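Comments concern the structure below.
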Amino acid sequence: MSDSKETLGAQTQPHYLDESLAEYQAQVDKVNARFPERKQEFTTGSGDSIQRLYTPKDLEAQPNAFDYEQDLGFPGQYPFTRGVQPTMYRGRLWTMRMYAGFGTAEESNARYKYLVSQGSSGLSVAFDLPTQIGYDSDHDLAEGEVGKVGVAIDSLADMEVLFDGIPLDQVSTSMTINAPASVLLAMYIAVGEKQGVPASKLRGTIQNDILKEYIARGTYIFPTAPSMRLITDIFEYCASDVPLWNTISISGYHIREAGSTAAQELGFTIANGVAYVEAALKAGLDIDLFAPRLSFFFNAHNDFLEEIAKFRAARRIWARLMKERFGAKNPKSWALKFHTQTGGSTLTAQQPDNNIVRVAIQTLAAVLGGTQSLHTNSKDEALALPTESAVQVALRTQQIVAHESGVANTVDPLAGSYYIEAKTSELEEAALAYIKRIDDLGGSPKAIDAGYIQDEIMDAAYDHQKLVESQERIVVGMNKYIVEEPPPSGLLKVDLSVGERQKEKIAAIKASRNQEQVTDCLTAIRQACEGEENVMPLILEAVKAYATLGEICGVMREVFGEYQQSVSL
Amino acid sequence: MSEVKQANPIRVLVAKPGLDGHDRGAKIVARALRDAGMEVIYTGLRQTAEQIANAAIQEDVDVIACSILSGAHNTLLPKIYKLLCEEDAQEDILFIAGGVIPDEDIPGLKEQGVAEIFTPGTPTTSIIEYIQDAVKREGKL
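Residue numbers (the working numbering), protein chains in the order written: chain A, 886 to 1454; chain B, 36 to 176.
Okay, structure coming up:
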């Protein structure tokens, strides 16, 4: 809002601040006459209008006047606006979890050991695209892609190498895997068994969020309905057999990377969360058994205050939905836990050192927003996969925020800020409007099939691009303060021979395993897919017999078919 | 979106080769080219080199604009160009690409048929101007 008179007129009752606000306004008018403000209208990173000043009056605006107990409560208590634990980072710092993986399992294993030695407190596995789309490295469509954006995993043999020397009862592992999540989770359980760690002690997360793949990330395989069924199979299996595992990471990260606003990130992500809850309830699961294992994944962009408000709003929206809409009774079902990654799309290929500063701001936002774990991007990620030294700076950024900045010493320190609270409520309202719209369209899967969510994001992305190109939005080093610079050097290169080495490994596995056992396992999976039996235990048997990822997903492709993307511009 | 209608518009195939799911850039470029008056066909995700070359020939496009962020550019882009050559279409179609492509890979890709590479941060106006100039220069319309 460019003029706070609008706020002044919002209430008819006289307010104790009216007089002093009028004085302030007169002062502003005087200053503006001589030194006009830099812009006619100020907006957030998402393009929302932002007032010159926020005061107690903004929190008292009817009909939703701010109420401490109802809107914030205490940390660890409903509606969890101030955080999911009573002591937050005074008890334990967030998990510093760096997403990593490239080349072969051997190379990635070495990077994980390096990260752990540098103080990383949890692992986060990046898989290559063929793995994410359920193809073995020797598939035609895998050509040129093997080991490029993550590690190549074809069979349990690769997974054994990936976690060699890493005791699975002592780390928590996040795996960015969606369409074939059940297969990779089964391999992880099998590696645990070989290490003597029972599934009941495994801690970690699978992303397992197919809806945002259709919306924004693109590594889908099967159509919507069988994909949702595979997800509820995992919920059910883990509730009994892998109770400490986070069965899904409902992700706004990629929605934001695709160009959404902060409000859309919240609205679309939580609408997807609603769809998963509804699917699980429809499958007959008890909400208070599976809901505590749901987790979320958000983006931390550059607009510091807007992002902090976004994280706080996410917790409040979810708590209220779970309690009021779904009737969950377990407080753990109400608490929204989330991982954060700093915003990849905010990084520039130009003057990459500047990215360190962006990541530091985003790190602070995530921490002040109460994240449970954090990945910080490396400065060279607009150019290539990060080098070890760039990753070290990114991890050190978290450690500096944790140990030197002081922000981790008190819980939710920005609560009560007039702007933060007003923005938290505003984002909550905007997100709920998107959720309502998606409910009206019949829920997230239908809204995706209709292209509604994709179109909304695309419009926001295109608007942003135009603002950057017209320099209405400044990106330092890219559209302003530009310098001539030599081409970047010392980038990470993935060895081209990875594909060949993986092909040899697959051939060796296929020659040495019990083929009859593999065939039986695959037949059992086919039958379960055709019927209603939970497919998870059968996938576990198949991976233990060294059936490959491509073979298992191939059987499921035959039964379920493949998702056809609706393309619109 | 405002569309500038032209009598004889430049036809562009915006394509996503390989398994890469990042389509924000491809879609933004596609919209910007359309808003600049070009006729744009967007392939959607997961296109093989064969699918892209065939679509370009069948749709009789003037330009193929590939977007690739997965690191598979050195494999997939030359393959598309080779297929165009096999159909004798390489002279009629301007072949350009964009995405996360390291500078050191660019000379090699240009030797293997990619006319120009646009890296992160390129304004869409630069791409539009490049296409308009190149198509005019080649007398393709």
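The beta-carbon is built from N, C-alpha and C at its ideal position, and this holds for glycine as well. Computed from a predicted model, the values in this text were never measured in an experiment.
The three-state reading of DSSP puts His1139/A in helix, counting H, G and I together. Taking each of Ile1172/A, Asp1344/A and Leu1253/A in turn and checking the Cα distance to Ile1140/A, the smallest one comes out for Asp1344/A. DSSP places Phe927/A in no alpha helix (DSSP H); its state is neither H nor E.
For the options Glu926/A, Leu1151/A, Pro1177/A and Lys1079/A, the alpha carbon positioned closest to that of Ala1042/A is the one of Lys1079/A.
DSSP places Ile1018/A in no beta strand (DSSP E); its state is neither H nor E.
Around the beta carbon of Pro971/A, fewer than 16 other beta carbons sit within 10 angstroms, so the residue counts as exposed.
The beta carbon of Lys1308/A sits closer than 7 angstroms to the beta carbons of Leu1190, Glu1191 and Ala1194 from its chain, once the five residues preceding and following it are set aside; these are given in chain order. Per DSSP, reduced to three states, the secondary structure at Leu1041/A is helical. Taking CB atoms only, Lys1264/A has no neighbour in chain B less than 7 angstroms away. In chain order, Gly156 make up the part of chain B whose C-beta sits under 8 angstroms from the C-beta of Met1363/A. For the set Ile1391/A, Glu1306/A and Ile1106/A, the Cα lying nearest the Cα of Leu80/B is the one of Ile1106/A. DSSP, reduced to helix, strand and coil, places Arg46/B within a strand of the structure shown.
By the Cβ-count criterion, Cys1438/A is buried, with 16 or more other Cβ atoms from all chains shown falling within 10 Å of its own Cβ. Going by beta carbons, Ser1040/A and Ile1410/A fall outside the 7 angstroms limit. Of all residues in the stretch 1079-1113 of chain A, only Glu1098, Ala1101, Arg1102, Gly1103, Thr1104 and Tyr1105 come within less than 9 angstroms of chain B when Cβ atoms are compared, listed by chain position. For Arg1281/A, the enclosing alpha helix (DSSP H) has its first and last residue at Glu1273 to His1288. Between the C-alpha atoms of Glu1418/A and Val1360/A there is a straight-line separation of about 52 angstroms. DSSP links Asn1131/A through a beta bridge to Thr1090/A.
The beta carbon of Asp138/B falls within 7 angstroms of a beta carbon belonging to chain A, placing the residue at that interface.
If you keep only unbroken beta strand (DSSP E) runs of at least 3 residues inside the stretch 1192-1241 of chain A, you get 1223-1227. Taking CB atoms only, Ala91/B has no neighbour in chain A less than 7 angstroms away. Gly958/A is positioned such that its CB atom lies no closer than 7 angstroms to that of Thr980/A. Here the C-alpha atom of Leu1232/A lies approximately 46 angstroms from the C-alpha atom of Ala1396/A.
Check the Cα spacing between Asn1364/A and each of Pro1111/A, Asp1297/A, Val1452/A and Gln1235/A: the tightest is with Gln1235/A.
For His57/B, the CB contacts under 7 angstroms within the same chain, skipping 5 residues up- and downstream, are Leu104 in chain order. Asp1238/A and Lys1264/A do touch by the CB rule: their CB atoms are close to 6 angstroms apart, below 8 angstroms.
Here the alpha carbon of Tyr1304/A sits roughly 30 angstroms from the alpha carbon of Tyr1366/A. Following the DSSP letters along the chain, one finds Tyr984/A in no alpha helix (DSSP H) but inside the beta strand (DSSP E) bounded by residues Thr980 to Ala985. Only buried fits Ala1251/A, as 16 or more other CB atoms lie within 10 angstroms of its CB. Sequence-ordered contacts of the stretch 1342-1360 of chain A with chain B read Met1343, Ala1346, Tyr1347, Gln1350 and Glu1354 [C-beta pairs closer than 7 angstroms].
Closer than 7 angstroms to the CB of Thr1233/A there is at least one CB belonging to chain B. Taking C-beta atoms as the reference points, Ala1011/A and Gly1035/A count as a pair closer than 7 angstroms. Approximately 20 angstroms separates the beta-carbon atoms of Pro1065/A and Gly1029/A; this is outside 8 angstroms, ruling out the contact.
The three-state reading of DSSP puts Pro948/A in coil, since its state is none of H, G, I, E or B. The alpha helix (DSSP H) runs of length 4 or more contained entirely in the stretch 1312-1397 of chain A are, from start to end of the chain, 1329-1334, 1337-1354 and 1383-1397. Annotated as proximal: Ser1180/A and Ser1134/A, with beta-carbon spacing under 7 angstroms.
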